[in-house]
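K.L.:
Submitted below is the structure of interest, expressed as structure tokens.
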Amino acid sequence: MVPFEPGPRVLMYTCGITPYDATHIGHAATFMAYDVLQRRLIDLGHEVRCVRNVTDVDDPLFAKARQLGVHYLDLAAGEEARFERDMEALNALPVYSTPRASSAIPDIRGFIGMVLERGFAYVSGGSVYFDVSKFDSFGSVSHYTREQMIEFARERGGDVDNPNKRDPLDFVLWHPSADDEPSWEAVWGAGRPGWHIECSALALRELGETIDLHGGGSDLIFPHHECERAQSEAATGSPFVKHWMHVAMVFMDGAKMSKSLGNLVFVDALRKEWDPRAIRMAIIHHHYRFEWEWTNDQMPTALQRLNMWVDSVGSPESPTLLNEVRGHLDDDLDTPSAMVAIDRAVSQGFSAQVAANLLGIAI
Numbered sequence: 001m002v003p004f005e006p007g008p009r010v011l012m013y014t015c016g017i018t019p020y021d022a023t024h025i026g027h028a029a030t031f032m033a034y035d036v037l038q039r040r041l042i043d044l045g046h047e048v049r050c051v052r053n054v055t056d057v058d059d060p061l062f063a064k065a066r067q068l069g070v071h072y073l074d075l076a077a078g079e080e081a082r083f084e085r086d087m088e089a090l091n092a093l094p095v096y097s098t099p100r101a102s103s104a105i106p107d108i109r110g111f112i113g114m115v116l117e118r119g120f121a122y123v124s125g126g127s128v129y130f131d132v133s134k135f136d137s138f139g140s141v142s143h144y145t146r147e148q149m150i151e152f153a154r155e156r157g158g159d160v161d162n163p164n165k166r167d168p169l170d171f172v173l174w175h176p177s178a179d180d181e182p183s184w185e186a187v188w189g190a191g192r193p194g195w196h197i198e199c200s201a202l203a204l205r206e207l208g209e210t211i212d213l214h215g216g217g218s219d220l221i222f223p224h225h226e227c228e229r230a231q232s233e234a235a236t237g238s239p240f241v242k243h244w245m246h247v248a249m250v251f252m253d254g255a256k257m258s259k260s261l262g263n264l265v266f267v268d269a270l271r272k273e274w275d276p277r278a279i280r281m282a283i284i285h286h287h288y289r290f291e292w293e294w295t296n297d298q299m300p301t302a303l304q305r306l307n308m309w310v311d312s313v314g315s316p317e318s319p320t321l322l323n324e325v326r327g328h329l330d331d332d333l334d335t336p337s338a339m340v341a342i343d344r345a346v347s348q349g350f351s352a353q354v355a356a357n358l359l360g361i362a363i
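Quick look at the structure:
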């Protein structure tokens with residue numbers, strides 16, 4: 001773990017949603033962690049520029065739009081709006097910007113041109129690939145062995161057996177589109193961007209060459225963040241990220257929440273039955289760094305806790321509670337311990353209001 005010691009302005013980039021379905025608890029857990037971090041940084045007096053992209057050019061979105069018989073951008077707009085309603089209900093702070101990948105095609109083409117000009121990419125079979133052999137530190141984000149990276153790439157759409165690639169770990173920057181997919185002109189051939197290049201181009205456009213903190217779910221460490229770093233540093237020659245912060249996965253019925261398994265709990269469905277503040281409390285009751293299991297009994301427990309905190313309003317403020325909560329947040333964003341500290345203060349007859357607000361719980 002590397003200490004995070006930012007300057008007066010903090011530049012954050014968090015990988016956002018692919019807007020083809022509703023926000024589930026696993027998604028919400030990721031964004032609540034960065035929201036609490038953003039609140040603490042603001043509390044410390046920092047200016048925070050948090051960029052959270054929208055991946056509206058991607059295979060799952062096209063597949064869902066094809067299935068529903070709608071335009072992919074119409075589907076994306078509807079799901080993005082639903083996501084924003086969920087974030088507002090969970091009291092997430094507004095972020096600096098929420099750029100869409102579709103808005104950045106000129107930036108992406110220019111970015112790919114930079115990578116090609118610097119000798120880190122090649123054109124083959126109508127696609128542009130990043131040449132990992134030219135980037136000596138490939139693997140330094142994930143710390144995986146080459147064998148592990150190949151295995152994960154095979155599982156996660158890395159197309160390791162593609163004969164157009166020089167190395168199984170080479171990854172696509174630009175490729176031809178299917179007949180019913182969007183396509184843009186480029187000097188190396190019409191097509192669309194690969195998944196990883198979108199975030200690199202948006203981060204450069206919105207925040208500059210080097211960002212203080214890059215976040216996302218732990219499932220993005222490889223290949224997404226590994227590839228992001230490689231292509232960004234290849235393009236600019238500057239360090240891409242000072243600190244990586246990954247939020248662990250949420251499980252249900254013994255498996256990671258995923259659309260393919262169908263073991264999902266959607267935020268908008270929970271909001272119909274429960275106070276959104278209790279949903280937020282149920283999420284941040286768990287430490288961002290560790291995997292956890294969602295069970296149905298968590299919402300009644302969280303609501304009971306919320307009611308205790310609400311009932312404390314009007315009681316005197318503890319002289320030590322706020323700083324105790326700050327201390328826990330400064331210790332690797334330890335929200336569970338911060339909440340226990342508030343529970344203890346409430347049991348001693350003090351108000352939870354000010355300390356709870358730092359966690360994003362308005363009471």
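Counting from 1, one number per residue, gives the positions in the sequence shown under the UniProt record's numbering. Each residue gets a CB set at the ideal place from its N, CA and C atoms; glycine is no exception. As the structure is a prediction and not an experimental result, all values here were calculated from the model.
1) Closest to V57 by CA distance: which of P99, G119 and D219 is it?
2) Does the separation of the CB atoms of residue 364 and H46 fall below 9 Å?
3) Give the straight-line distance between the Cα atoms of R39 and P193, rounded to the nearest whole angstrom.
4) What first and last residue would you give for the alpha helix (DSSP H) that runs through residue 376?
5) Do the CB positions of T55 and G26 come within less than 9 Å of each other?
6) Applying the 10 Å Cβ sphere with the 16-neighbour rule, what's the burial state of E79?
7) Enumerated in chain order, which unbroken segments of the beta strand (DSSP E) with a length of 3 residues or greater are wholly contained in the region 99 to 179?
8) Does the Cβ-Cβ distance between L204 and A235 come in under 9 Å?
9) Sort D179, S177 and S133 by Cα distance to K165 and report the nearest one.
10) Buried or exposed, going by whether 16 or more other CB atoms sit within 10 Å of the CB of S238?
11) So, are the CB atoms of H196 and G215 less than 9 Å apart?
12) With DSSP collapsed to three states, give me the class of T18.
13) Tell me, please, which residues DSSP counts as bridged to S315.
14) Using the Cα positions of A104 and Y13, report the straight-line distance between them to the nearest angstrom.
15) Smallest Cα separation from D343: which of D330, V310 and D59?
16) Cα separation between R118 and D131?
17) Can you have a look at M1 and say buried or exposed, based on whether 16 or more other CB atoms are within 10 angstroms of its CB?
18) Under DSSP, the alpha helix (DSSP H) around T346 begins and ends at which residues?
19) Helix, strand or coil for L90? Go by DSSP, reduced to three states.
20) Can F83 and P19 be called in contact, C-beta distance under 9 Å?
21) Where E273 and L333 are concerned, what is the direct C-alpha to C-alpha distance, given to the nearest angstrom?
22) In whole angstroms, give me the CA-to-CA distance for L169 and A230.
23) Between the region 21 to 37 and the region 257 to 270, do three or more beta carbon pairs fall short of 8 Å?
24) Would DSSP call R289 helix, strand or coil?
25) Flag this pair as touching only if the region 274 to 284 and the region 295 to 306 have three or more C-beta atom pairs under 8 Å; answer yes or no.
26) So, under 8 Å CB-CB, I283 and M32 are touching, yes? Tell me the CB distance rounded to an integer number of Å.
27) Going by DSSP, what residue range makes up the alpha helix (DSSP H) through W195?
28) Is DSSP giving F240 helix, strand or coil here?
29) L264 by DSSP, collapsed to three states: which one?
30) Under 9 Å between the Cβ atoms of S318 and F350?
31) Go to G26, then tell me how far its beta strand (DSSP E) extends in each direction, as first and last residue.
32) Just the C-alpha distance for Y72 and S183, rounded to the nearest angstrom, thanks.
33) Could you round the C-beta distance between H175 and G157 to whole angstroms and report it? I think they count as a contact, below 8 Å.
34) Suppose you measure from the CA of V313 to the CA of W294; what does that come to, to the nearest Å?
35) Measuring only the C-alpha atoms, how far is V241 from D212?
36) If you reduce the DSSP assignment to three classes, tell me which class G69 lands in.
P.N.:
Checking against the coordinates, here is how it stands:
1) P99
2) No answer is possible for residue 364: the residues shown for the chain start at 1 and end at 363.
3) 34 Å
4) Since the displayed the chain opens at 1 and closes at 363, residue 376 lies outside it and no answer follows.
5) no
6) buried
7) If we require 3 residues or more, the beta strand (DSSP E) runs fully inside the region 99 to 179 come out as 121 to 124, 127 to 130 and 171 to 175.
8) For L204 and A235, yes; Cβs fall inside 9 Å.
9) S133
10) exposed
11) In this structure, G215 does not lie closer than 9 Å to H196 by Cβ.
12) The DSSP-derived three-state label of T18 is coil.
13) V313
14) 16 Å
15) V310
16) 11 Å
17) So M1 counts as exposed.
18) Per the sequence presented here, residue 346 reads as Val, with Thr not at that position. For V346, the enclosing alpha helix (DSSP H) starts and ends at T335 to S347.
19) Reduced to three states, the DSSP call for L90 is coil.
20) The answer is yes: Cβ separation under 9 Å.
21) Each residue's Cα considered, the two are about 29 Å apart.
22) 12 Å
23) yes
24) coil
25) yes
26) Rounded, the Cβ-Cβ distance is 5 Å, consistent with contact.
27) W195 to L207
28) coil
29) For L264, the secondary structure class from DSSP, reduced to helix, strand or coil, is coil.
30) yes
31) According to the DSSP assignment, G26 belongs to no beta strand (DSSP E) but to the alpha helix (DSSP H) extending over I25 to D43.
32) 13 Å
33) Not really, about 12 Å apart at Cβ, beyond 8 Å.
34) Cα-Cα distance, rounded: 29 Å.
35) 6 Å
36) coil
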